[in-house]
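Structure, as structure tokens:
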Amino acid sequence: MHKLVSSSAVSRGALVIALLFPAIGHAQIASPPASPPADEGAAEETIIVTGSRITASGYTAPTPVTVVGEELINRDSKPTIGDTIRELPAVGASASPNNTSGAGNIVAGVTGLDTINLRNLGVTRTLVLFDGQRVVQSNVTGQVDIGTMPTALVQRIDVVTAGASAAWGSDAVSGVVNLVLNKKFDGIKASVEAADTYAFDRFSYRAQLAMGTGFADDRGRVIVAGNLFDAPSEVFANQRSWNKYRQLVNNPAFAVGNGQPRLIHADNVNLSGATTGGLIVGGCRLALTATGACPTGGATSPGSLLGQQFVGQNAQLAPFGATNVSGQVAANAETLQGSLNNLAIRYRTASLFGLLSYDFADWFKVSLQLNYGTTFSRNNSVPFIRIGAQAPQIRVDNPFLPTAVAQQMQAQGLTSIQVGTTNINNVNGGTLDYNYFASNAVGVPVATTDRTLKRGVLAVEGDIGGGWSYNAYYQRGEVTVFQTTESNVIIANYNKAIDAVRNPAGQIVCRVNADSSTTNDDAACRPLNILGTGVAQQDAIRYVNVVPGANFQRQELVQNVAAFSAQGALPFGLAAGDINMALGAEYRTEQGTITNDPGAAARIYSVANFPSFAGKYNVKEGFVEVDVPIIKDGIVDGLNLNAAARITDYSTSGSVTTWKFGLTSDVNDWLRVRGTVSRDIRAPNLNELFSTGLSTLSSAVSPGTNTTVSIFTFASGNAALTPEVARTYSAGIVLRPAFLSRFNFSLDYYSINLKEAIVSVGSNDVLNRCNAGETAFCSQLVFAGPIGSNGQPLLSQINTAPLNIASLKTSGLDYQADWTFPAFNGDIQLRMLGNYIFTLQQEQLGTTVNLAGNIGPDNPGGTGFPRARFTFSTTYNNEGLSLTAQTRFIGAAKLHATWTSVDVDDNTVPAIAYVDLRGSYQFNDAIQLFATVDNLLNKAPPNVAAGPTQGQTSYYFTATSGIIYDALGRQYRAGVRFKF
30 MHKLVSSSAV
40 SRGALVIALL
50 FPAIGHAQIA
60 SPPASPPADE
70 GAAEETIIVT
80 GSRITASGYT
90 APTPVTVVGE
100 ELINRDSKPT
110 IGDTIRELPA
120 VGASASPNNT
130 SGAGNIVAGV
140 TGLDTINLRN
150 LGVTRTLVLF
160 DGQRVVQSNV
170 TGQVDIGTMP
180 TALVQRIDVV
190 TAGASAAWGS
200 DAVSGVVNLV
210 LNKKFDGIKA
220 SVEAADTYAF
230 DRFSYRAQLA
240 MGTGFADDRG
250 RVIVAGNLFD
260 APSEVFANQR
270 SWNKYRQLVN
280 NPAFAVGNGQ
290 PRLIHADNVN
300 LSGATTGGLI
310 VGGCRLALTA
320 TGACPTGGAT
330 SPGSLLGQQF
340 VGQNAQLAPF
350 GATNVSGQVA
360 ANAETLQGSL
370 NNLAIRYRTA
380 SLFGLLSYDF
390 ADWFKVSLQL
400 NYGTTFSRNN
410 SVPFIRIGAQ
420 APQIRVDNPF
430 LPTAVAQQMQ
440 AQGLTSIQVG
450 TTNINNVNGG
460 TLDYNYFASN
470 AVGVPVATTD
480 RTLKRGVLAV
490 EGDIGGGWSY
500 NAYYQRGEVT
510 VFQTTESNVI
520 IANYNKAIDA
530 VRNPAGQIVC
540 RVNADSSTTN
550 DDAACRPLNI
560 LGTGVAQQDA
570 IRYVNVVPGA
580 NFQRQELVQN
590 VAAFSAQGAL
600 PFGLAAGDIN
610 MALGAEYRTE
620 QGTITNDPGA
630 AARIYSVANF
640 PSFAGKYNVK
650 EGFVEVDVPI
660 IKDGIVDGLN
670 LNAAARITDY
680 STSGSVTTWK
690 FGLTSDVNDW
700 LRVRGTVSRD
710 IRAPNLNELF
720 STGLSTLSSA
730 VSPGTNTTVS
740 IFTFASGNAA
750 LTPEVARTYS
760 AGIVLRPAFL
770 SRFNFSLDYY
780 SINLKEAIVS
790 VGSNDVLNRC
800 NAGETAFCSQ
810 LVFAGPIGSN
820 GQPLLSQINT
830 APLNIASLKT
840 SGLDYQADWT
850 FPAFNGDIQL
860 RMLGNYIFTL
870 QQEQLGTTVN
880 LAGNIGPDNP
890 GGTGFPRARF
900 TFSTTYNNEG
910 LSLTAQTRFI
920 GAAKLHATWT
930 SVDVDDNTVP
940 AIAYVDLRGS
950 YQFNDAIQLF
960 ATVDNLLNKA
970 PPNVAAGPTQ
980 GQTSYYFTAT
990 SGIIYDALGR
1000 QYRAGVRFKF
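All letters in the sequence shown, in the order written, are residues 30 to 1009 by the numbering used here.
Shown next as structure tokens:
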């Protein structure tokens, strides 16, 4: 039977786990057996159950805990340990480097993160622990990157699937993910493996090494470990044949009441108002303004030129040919810009781990732990698209205009034509990589993100007599994120470069260098041709794009933690047994600093105009937890009460209390019943609290007057935020029927109701809500303008800081069944693990939507998740041979929660099942060969279409959800493990 702890004997605590994790090491916490097997002379060892701070031998927490054992981690051999966790049905949609992480966006410090999202409540509401201790956040938004953690020594992963803030602190709203280390490792183990897709376009390799040895009669121990993973190739949307750019467009046959749907699916949906070579979308008959805009009253139709596009290197005119024009998108449009979407990004991670420990005495054991981790990732953003009102005006005297076009313009009295462009006219669909973008594209921004983790922990622990033990530690963690963006357009340079003219010498130059004014001259300006394909000049590209390395952001995050805890049995007890207690205190500081280049602060770029800011806060906490045996061998075999409370004081928002009550009852030797109720919190992160934000100019009607005023809209953090508060309920059963040997079944219901959720609100909503009398929004208005008709200063600014005004609810069922039985001279293990979501509800500003089973991007509040999900595996073990077949099932869903046949021709997203194979052979104690195949049948992901109301961003959706479904297709992995 698989052992989860290193010990010469299997303790009662270990048996609690082992009963429900037969060999595959992946199940819910179960009851200990009625009587553990005897092992003469063996020392009993406790096991820490992450669902609780109680570590008494044989104790089982009432909170459901899923455990991923080392054997399962090795068997699946996923690219990262985060990929293994994300296969658990209780884990929702979260991005990783292997599933479109950051695709289409350049977000500060987010690219390349490997994150976990329990219960689909958001990654910041899942607490990630490293061997029971907090980890410094990986960016200012509070996300924790599992990819920077050393994984070579992870012996199991505990996933608490219910609120656990009373035991572990803030952020444990949806649960806890705890990577548990083997700190007693002795010997040497190593592994090397390689992987690729069926298309041979996502090669990756991984190597791991761990070494441990004791000294001084085994009182001391030294452990070092390291791992490296590298996926040097990105995968783009056009590299998969299933990607038909299938989205939703307006149905031309629709009329109210005629039975036709308003929206229909169509292929090759993309921009309706821009192409690679430029699309003529309008004209102007007046002289352009100094900023290159058509004056009011000057816009006019360009006649027969309307809807013509420039193609080829000679800018020939050709009809666009798009159909079903639906606002900013249309069917049968150009799809090159959509093909730039990443299905997987360039990614590399490496980590080192060192542990030195020495037991001076039973009461004084000292250890020093040092971690170092680094990740490197690259991804591109959307191109620098100029569409609609932003489409540039090309004057009639621009020398890049074909002569025939200029003559037509003159004949119609046009001073300019308006041209929608994607600005990628030097990029072809057959050559897609980041370096190519940087040297050939006019603004396909490519972000390079380097993330470094440094962490040290000095710990002291020991037994202090009377069955009590203590643990104290100091931890310092530092994360540095350095992000640079290449091929990022400097907008002012672009506007000057596309406005070309011939000088008196007949040379093509920038107009600013040929007009009568010398104050606007720019000697560096080079004229840029955006009319046609393959025509953008390299010197103009270099002028328009930012100098490599000049557009950057640096995030520095520091976490300090000092903690003390003790646990043991109280000197008095009850007839049913000892009362166990754990208590402790913690002091923590969180600090973050963001520094950007001056250009970003001035917002001169097309993307990556991030604000600089700094902030810090401290947290003081104290907690207590007790486990009280109420009944033993009475009306039921056992009944235990677990209760915990924690007081947390934030320097920013004051004190808050979290608590938990749980009951566990061994009704008899085959039935266990458990339930919990808890109050949990998530504290606002550094970005939500301290971001200095961005200011934009707009207009609004000042409240109490009819005066329209120019105002600034200021998006920033909010230091007055308070923690989000959740009420969590769980109830379940564990069955171990005596008539079916080695069979276990568990079923748990959960419900999480989160109030005062933190969201940002748009300026119009802020103003309208204040006018409606909601005072929380009135505090976001600044009146510092001239005196208005009401005798008060007029509105001058609207703050759109985040507020505690939303709510989230989720409920559902988790279930697990395991059965191991002898067959064919070995063992067969059957396992099913599943989740069904009843509710995934969001409420904000009076709008409530249930996202359970509704996964399209048009849903208010974002995308949801399919209701049903399960995995079923069959494993055959015979001495050194292990073979596994696994099915991963994702249930059917809808695009939109309220759409009917009147709204769309097909609102369904079909169910899908993936088949995986795993195999390994243990040649001897030292060598094991292994191989896996994911998505054996190479199933294409279901279509998840976006509607035209998504506007120009809808073209960038890959027409599926890469964080729910497998977008890469069949993948192979093979390698060898060594252990000495």
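Don't be surprised by glycine CBs; every beta carbon is placed ideally from N, CA and C.
| query | result |
| --- | --- |
| Where D856 falls: helix, strand or coil (DSSP) | strand |
| Beta-carbon proximity of A940 to A1003, cut-off 7 Å | no |
| Beta-carbon proximity of D143 to G171, cut-off 7 Å | no |
| Three-state class that DSSP yields for P971 in the structure shown | coil |
| Limits of the unbroken alpha helix (DSSP H) element including N638 | No alpha helix (DSSP H) holds N638; DSSP gives it neither H nor E. |
| Inter-residue spacing [alpha-carbon to alpha-carbon] between T329 and G306 | 22 Å |
| G98 vs R185 beta-carbon contact at 7 Å | yes |
| Inter-residue Cα distance where the pair is R999 and L182 | 29 Å |
| L101 (DSSP reduced to helix, strand or coil) | helix |
| L750 beta carbon less than 7 Å from that of G621 | no |
| Residue from N532, N370 and A303 whose Cα sits closest to the Cα of Q419 | A303 |
| Cα-Cα separation between S220 and D662, rounded to whole angstroms | 49 Å |
| Nearest to F652 (by Cα), restricted to the options T404, A195 and T140 | A195 |
| Bridge partners - T318, DSSP secondary structure assignment | DSSP output for T318 lists no bridge partner at all. |
| CA-to-CA distance, I919 to L965, given in whole angstroms | 16 Å |
| Residue from L958, L586, T677 and D550 whose Cα sits closest to the Cα of G613 | T677 |
| A440 - containing alpha helix (DSSP H), residue span | T432 to Q441 |
| As assigned by DSSP and simplified to three states, the class of W392 | coil |
| Residues that DSSP places opposite C539 in a beta bridge | A529 |
| A526 and N127 closer than 7 Å at C-beta | no |
| Q588 vs G506 beta-carbon contact at 7 Å | yes |
| Endpoints, the alpha helix (DSSP H) within which E717 is located | L715 to F719 |
| Nearest-angstrom beta carbon gap, D847 and R860 [assumed within contact, 8 Å] | 5 Å |
| Whole-number beta carbon distance between T562 and G882, since they are thought to touch under 8 Å | That belief does not hold up - the Cβ atoms of G882 and T562 are roughly 43 Å apart, past 8 Å. |
| Ranges of the beta strand (DSSP E) found wholly within the region 296-371, counting only runs of at least 3 | 308-313, 337-340, 345-348, 352-355 and 358-360 |
| N638 versus D626 - alpha carbon distance | 9 Å |
| First through last residue of the alpha helix (DSSP H) which encompasses F10 | No answer is possible for residue 10: it lies beyond the span of the chain, which begins at 30 and ends at 1009. |
| Helix, strand or coil at S780 [DSSP, three-state] | strand |
| When L369, G802 and S911 are compared against N409, the one with the closest alpha-carbon | L369 |
| Neighbourhood of T681 by C-beta, 7 Å cutoff - its chain only, sequence neighbours within 5 removed | Y646, L718 and A748 |
| Cut-off 8 Å between Cβ atoms - residues of its own chain near S825, not counting five sequence neighbours on either side | V738, I740, F741, V811, F812, A813 and G814 |
| Q796 - DSSP class collapsed to helix/strand/coil | Looking at the sequence provided, one finds Leu at residue 796 rather than Gln. Correct three-state label for L796: helix. |
| Nearest candidate by alpha-carbon position, reference V120, set S203, I135 and D174 | S203 |
| Exposed unless 16 or more other CB atoms sit within 10 angstroms - verdict on S930 | exposed |
| Separation of G350 from Q337, as counted between CA atoms | 9 Å |
| S990 versus P766 - alpha carbon distance | 41 Å |
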